[in-house]
Amino acid sequence: MTIYSHSRISAFEQCPLKFKFRYIDKLTPEIECTIEAYLGEKVHETLEWLYLKILEKRNLQLEDAIEYYAKSWKRDFKEEIKIVNTNLTFEYYFDKGIKFLIDYFIKNYPFLDNTIAIEHQVTIDLNNDGKYMLQGYIDRLVHNNESNIFEIHDYKTGSIKTQEELNKDRQLALYSIGIRKEFNASDVHLIWHFLDFNQKMISKRTEEQLESLKQDIINLINKIESTTIYPASPSPLCKWCEFGKYCEQTKAFTN
Ligand code: SF4
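Take 9 as the starting number for the sequence shown in this note's numbering and just add one per residue.
In structure tokens form, the structure reads like this:
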């Protein structure tokens with residue numbers, strides 16, 4: 009039985025051929041990592057480290073977080089990391105990460121929102137019969153002791169979304185199903201930190217909306233599992249496709 013992730017389902021929706029290359033043929037990606045992905049990874053890693061220290065009751069300063077980020081960036085950096093927008097440099101992205109951390113630190117210090125878990129694994133049994141399983145990781149989980157509200161926090165290093173888009177976003181809504189069950193929680197807030205815009209945005213879901221979402225995802229999984237033909241679905245996202253060299257369609261969007 010396949011345990012699905014939100015990214016696996018999204019890959020199928022975005023481009024069935026890419027889904028096939030990645031999950032069925034298991035081809036080796038041409039691009040190991042884009043600079044956007046590397047920046048996202050290093051900022052996430054630094055915030056994870058920061059909150060782990062806070063859970064250990066360590067009193068950290070902004071300089072500690074910047075130092076951790078810079079060391080980690082340097083340690084794992086490879087020249088093969090791809091810059092899609094060739095007008096920009098590695099230094100530009102490195103500096104962007106510093107700015108994200110400075111803004112986040114100033115906005116959230118002294119981090120007293122009662123974080124209870126970092127990179128929390130959540131498993132969702134969509135039909136309560138073990139047939140449709142989904143798994144994911146929550147960047148940070150908070151429990152407000154006074155209001156008894158759980159908060160799922162997600163860091164975004166890319167573009168911002170509208171409130172309307174967030175109200176329809178599936179990923180954190182799916183994770184909230186797992187958190188409701190795991191903690192017997194009745195109120196779960198979905199919270200995004202759009203780091204490039206220094207903006208925090210919140211959305212909520214009703215039980216009816218979550219039931220409907222579960223059914224949508226079950227239908228999608230059924231569709232994925234009954235698919236035998238995987239057409240290419242070219243779009244501007246082809247520029248970032250790590251399987252471009254295997255795909256004829258990529259040329260239309262990469263010149
Ligand atoms: S290059 Fe575009 S069309 Fe081809 S597999 Fe990747 S996303 Fe799909």
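Glycine residues also receive a C-beta, built at the ideal position from the N, C-alpha and C atoms. Predicted model only: the values in this text are computed from it and were never measured.
Review point. How would you label Leu-63, buried or exposed, when you count the other beta carbons within 10 angstroms and need 16 or more for buried?
Key: The residue labelled residue 63 in the question sits at position 55 within the sequence shown. Leu-63 is exposed by the Cβ-count criterion.
Check your understanding: For the putative contact between Asn-152 and Asn-122, defined by C-beta atoms under 8 Å, what is the C-beta separation to the nearest angstrom?
Key -> Residue 152 sits at position 144 when you count from the first residue of the sequence shown. Residue 122 sits at position 114 when you count from the first residue of the sequence shown. The pair is a contact, with the Cβ atoms about 6 Å apart (cut-off 8 Å).
Exercise for review: Determine contact between the segment 123 to 140 and the segment 225 to 233, defined as no fewer than three beta-carbon pairs at a distance below 8 Å.
Suggested key: yes
Practice item. Can you grab the Cα-Cα spacing for the pair Ser-13 / Gln-179, in whole Å? Key: Here residue 13 is taken as the residue at index 5 of the sequence shown, counted from 1. Here residue 179 is taken as the residue at index 171 of the sequence shown, counted from 1. Going from the Cα of Ser-13 to the Cα of Gln-179 covers about 9 Å.
Exercise for review: Taking all protein chains shown into account, decide if Phe-85 is buried (16 or more other Cβ within 10 angstroms of its Cβ) or exposed.
Suggested key: The residue labelled residue 85 in the question sits at position 77 within the sequence shown. Exposed, by the Cβ-count rule.
**Study point:** Closest Cα partner of Tyr-112 within the set Ile-126, Gln-69, Leu-149, Glu-88
**Key:** In the sequence shown, counting from the first residue as 1, residue 112 sits at position 104. That would be Gln-69, whose Cα lies nearest to the Cα of Tyr-112.
Practice item. Please state whether DSSP places Val-51 in a helix, a strand or coil. Key: Walking along the sequence shown from the start, residue 51 turns up at place 43. It is helical.
Exercise for review: Give me the Cα-Cα distance between Gln-171 and Met-209, rounded to the nearest whole angstrom.
Suggested key: In the sequence shown, residue 171 corresponds to position 163, counting from 1. In the sequence shown, residue 209 corresponds to position 201, counting from 1. Going by the C-alpha atoms only, they are around 8 Å apart.
Check your understanding: When the Cβ atoms of the segment 38 to 56 are set against those of the segment 74 to 90, are three or more pairs found closer than 8 Å?
Key -> yes
Exercise for review: Could you tell me the distance, in whole angstroms, from the CA atom of Trp-57 to the CA atom of Thr-235?
Suggested key: If you number the sequence shown from 1, residue 57 lands on position 49. If you number the sequence shown from 1, residue 235 lands on position 227. Near 41 Å, if we compare the C-alpha coordinates of Thr-235 and Trp-57.
Practice item. Taking only heavy atoms of ligand 1 into account, decide whether any of them is closer than 7 Å to the Cβ of Lys-26. Key: In the sequence shown, counting from the first residue as 1, residue 26 sits at position 18. Flag set: Cβ of Lys-26 near ligand 1.
**Study point:** Residue burial classification, Glu-159 (beta-carbon count within 10 angstroms, cutoff 16)
**Key:** Within the sequence shown, residue 159 is the residue found at index 151, counting from 1. Per the 10 Å Cβ criterion, buried.
Check your understanding: Which one of Gln-217, Lys-231, Asn-175, Lys-164 has the shortest CA to CA distance from Ile-185?
Key -> Residue numbering aside, residue 185 sits at position 177 when the sequence shown is read from its first letter. Ranking Gln-217, Lys-231, Asn-175, Lys-164 by Cα distance to Ile-185 puts Gln-217 first.
Practice item. Might you give, ordered along the chain, the residues of its own chain that have their beta carbon closer than 7 Å to the beta carbon of Leu-174, omitting 5 neighbours on each side? Key: The sequence position of residue 174 within the sequence shown is 166, counting from 1. Only Trp-200, Met-209, Ser-211 meet the Cβ criterion.
Practice item. Indicate whether the contact test is met: 3 or more Cβ pairs, each with one atom in the segment 88 to 98 and one in the segment 123 to 133, closer than 8 Å. Key: no
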